[in-house]
Ligand code: GDP
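In full-length UniProt numbering, the protein residues as written are 1 to 444.
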């Protein structure tokens, strides 16, 4: 889980304050020391940590905070705002050209996720703008890179322009752009070569491609797992190529957070997207405020809502709401909902976005085993249509039949039916505005 250590330490430092009614200057200094250590341990750039701590301390020590009725909450807000500011305030959209095509050049070290991100970004543009992109394969040093891009192109149904490995990359880009002009592609994404580390020959080649293609966007792809090194790489590329933005990949891994928190401050260039998985749809716009909320365990309801909106249509949502209200939510709806939710990502990731879940110690080891989901589905699929529509029919002999049919032990069948009934009751009560028993899950 990304940012786990940082998240835990920051929350621990701040919860110490939260327990106190009155907060003294010494309390603030102690908390700041904890925060400083947490950031350094997360591999955040030293200069960034220094500025961060200085800014928070100055604001937190102000009389209007310490003398207020809710000093701890105010300090938490100051930390949240500063985290957001460090990562760039607001999301920065892609630069677009006034004329087609918009040219996006992808650069980065080998293994950072460049080729994968070219695919993800073209899918993103197709899904969100109905774009017709052309991909140019200009990494001629790693023969597999061209094949990899072609496989991705086939998978997404996007054309890939390549000239094999024997032509100069600048010439490939020149001819690729000519083809895009002929075919009236609205976006051109150039996959360039990477190296294990920054070297002069590579930089010269990239600078030559830049001079020829005049890209609207030079996106540097960096691996967030490499922490401080990612920040140094970003600095190097930026000095030479004047990049326009960063894509931070592998945020689904257990990255400590250093890159996400340092890159903007060190390079002055925004993180525009984050990669959160190997699949083609695992690319998200980077929202600094949402990321700050996530780091502080305040959940990420906005991202959850975005994902839900993408996967649900309004009519369906209304139908489900009506069923919950009328208490007629049945096992068919249950399966539908389960499929919709699994389209949104892994259950563990989704739950962590819910405020209250994210920083609830009882939920720390919360884990949904995909096997359990498969079992639940098998149980429902072994029910007759009548049973699915009317769960009250499920007497012991029917349950035994379902257990035999699904291959799931009877104990688990009983447990799942019980949970279904409880959840149904809870949803119905929530719908009626009765949140009793739920307060522990909300907010703090
Ligand atoms: P390139 O050398 O920069 O073109 O890197 P690739 O696109 O070949 O990616 C290197 C490896 O990282 C591949 O195995 C990708 O599947 C993987 N990868 C890329 N982005 C992500 C991501 O956001 N999350 C995860 N988990 N893996 C990624």
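All C-beta atoms, glycine included, are put in the ideal place defined by N, C-alpha and C.
- Work out the CA separation of residue 145 and residue 137 for me, nearest whole Å. To locate residue 137, count along the chain shown from 1; it is residue 137. To locate residue 145, count along the chain shown from 1; it is residue 145. One alpha carbon belongs to residue 137, the other to residue 145, and they sit about 8 Å apart.
- Give the secondary structure of residue 51 by DSSP, where H, G and I count as helix, E and B as strand, and everything else as coil. Numbered from its first residue, the chain shown carries residue 51 at position 51. For residue 51, the three-state secondary structure derived from DSSP is helix.
- Can residue 252 be considered in contact with the ligand GDP, in the sense that its beta carbon sits closer than 7 Å to one or more heavy atoms? One-based indexing of the chain shown puts residue 252 at position 252. At least one heavy atom of the ligand GDP lies less than 7 Å from the C-beta of residue 252.
- Task: Leaving out five residues on either side along the sequence, give the residues of the same chain with a beta carbon under 7 Å from the beta carbon of residue 5.
- Result: As a working note, residue 5 is residue 5 in the chain shown. Counting only Cβ-Cβ distances below 7 Å, and skipping sequence neighbours, we find 41, 42 and 256.
- Taking the C-alpha atoms as reference points, what is the distance between residue 331 and residue 421? Numbered from 1 along the chain shown, position 331 holds the residue referred to as residue 331. Numbered from 1 along the chain shown, position 421 holds the residue referred to as residue 421. Going by the C-alpha atoms only, they are around 10 Å apart.
- Between the region 49-59 and the region 223-236, do three or more beta carbon pairs fall short of 8 Å? Between the region 49-59 and the region 223-236, the count of C-beta pairs closer than 8 Å stays below three; the two stretches do not touch.
- For the alpha helix (DSSP H) that contains residue 96, what are its first and last residues? Residue mapping note: residue 96 aligns to position 96 of the chain shown, counting from 1. Boundaries cannot be given for residue 96, as no alpha helix (DSSP H) includes it and DSSP labels it neither H nor E.
- Message: If distances are taken between C-alpha atoms only, which option among 260, 203 and 245 comes closest to residue 226?
- Response: Along the chain shown, one-based indexing puts residue 226 at 226. Nearest option by C-alpha distance: 260.
- Item | Classification of residue 410 by the beta-carbon crowding that lies within 10 angstroms, buried from 16 upward | To locate residue 410, count along the chain shown from 1; it is residue 410. With fewer than 16 other Cβ atoms within 10 Å, it is exposed.
- Task: Please check the pair residue 324 and residue 427, which I expect to be a contact at CB under 8 Å, by giving their CB distance rounded to whole angstroms.
- Result: Residue 324 sits at position 324 when you count from the first residue of the chain shown. Residue 427 sits at position 427 when you count from the first residue of the chain shown. Contact holds; Cβ gap of about 5 Å.
- If you draw a straight line from the alpha carbon of residue 440 to that of residue 419, how long is it in whole angstroms? Position 440 of the chain shown, counting from 1, holds the residue named residue 440. Position 419 of the chain shown, counting from 1, holds the residue named residue 419. With a pLDDT of only 34 at residue 440, under the threshold of 50, the placement of this residue in the model should not be trusted; the figure read from the coordinates follows. Distance from the CA of residue 440 to the CA of residue 419, rounded to the nearest whole angstrom, comes to 19 Å.
- Item | Sheet register partners of residue 188 (DSSP bridge) | Here residue 188 refers to the residue found at position 188 of the chain shown. Residue 188 is bridged to 103 and 134.
- Task: Using DSSP bridges, identify the partner residues of residue 275.
- Result: Position 275 of the chain shown, counted from the first residue, corresponds to residue 275. The beta-bridge partner set that DSSP reports for residue 275 consists of 283.
- Query: Between residue 114 and the ligand GDP, is the CB less than 7 Å from at least one heavy atom?
  - Reply: For the purposes of this step, residue 114 is taken as the residue at position 114 of the chain shown. Residue side-chain check: residue 114 places its Cβ nearer than 7 Å to a non-hydrogen atom of the ligand GDP.
- Task: With a threshold of 16 other CB atoms inside 10 Å of the CB of residue 47, please say whether the residue is buried or exposed.
- Result: Residue 47 sits at position 47 when you count from the first residue of the chain shown. Only exposed fits residue 47, as fewer than 16 other CB atoms lie within 10 angstroms of its CB.
- Message: Can you check which of these residues, 112, 90 and 135, is closest to residue 102 by C-alpha distance?
- Response: Reading the chain shown from its first residue, position 102 is the one you call residue 102. The option with the nearest alpha carbon to residue 102 is 135.
- Run through DSSP, which three-state label would residue 442 get? Residue mapping note: residue 442 aligns to position 442 of the chain shown, counting from 1. Reliability fails at residue 442, whose pLDDT of 34 lies under 50, so the model's placement of it is uncertain and the value that follows must be treated cautiously. Residue state for residue 442 is assigned as coil, using DSSP reduced to three classes.
- From residue 338 to residue 369, what distance separates their C-alpha atoms? Within the chain shown, numbered from 1, the residue matching residue 338 stands at position 338. Within the chain shown, numbered from 1, the residue matching residue 369 stands at position 369. Approximately 14 Å between the Cα atoms of the pair.
- Under the criterion of a Cβ to heavy atom distance below 7 Å, does residue 221 qualify as lining the ligand GDP? In the chain shown, counting from the first residue as 1, residue 221 sits at position 221. Yes, the ligand GDP has a heavy atom inside 7 Å of this Cβ.
- Query: What does a CB cutoff of less than 7 Å around residue 20 pick up in its chain, not counting 5 residues either side in sequence?
  - Reply: Looking up residue 20 in the chain shown gives position 20. 27 and 72, listed in sequence order.
- Query: Who does residue 162 pair with in a DSSP beta bridge?
  - Reply: What you label residue 162 is simply residue 162 of the chain shown in a count that begins at 1. None; residue 162 has no bridge partner.
- Which ranges does the alpha helix (DSSP H) cover as unbroken runs of at least 4 residues, wholly within the region 49-91, from first to last along the chain? Correct list: 63-66 and 71-87.
- Assigned secondary structure, residue 217 (DSSP; H/G/I helix, E/B strand, else coil): The residue given as residue 217 occupies position 217 in the chain shown. Three-state result, residue 217: strand.
- Query: Going by C-alpha distance, which of 118, 74, 258 and 298 is nearest residue 279?
  - Reply: For the purposes of this step, residue 279 is taken as the residue at position 279 of the chain shown. For the residues 118, 74, 258 and 298, the minimum Cα distance to residue 279 belongs to 118.
- Would you report the Cα separation of residue 184 and residue 131, rounded to the nearest angstrom? Along the chain shown, read from residue 1 onward, the residue named residue 184 stands at position 184. Along the chain shown, read from residue 1 onward, the residue named residue 131 stands at position 131. Those two C-alpha atoms are separated by around 11 Å.
- Given residue 210, which residues of its chain have a CB within under 7 Å of its CB, disregarding the five upstream and five downstream residues? As a working mapping, residue 210 is identified with position 210 in the chain shown. Answer for residue 210: 105, 218 and 241, listed in chain order.
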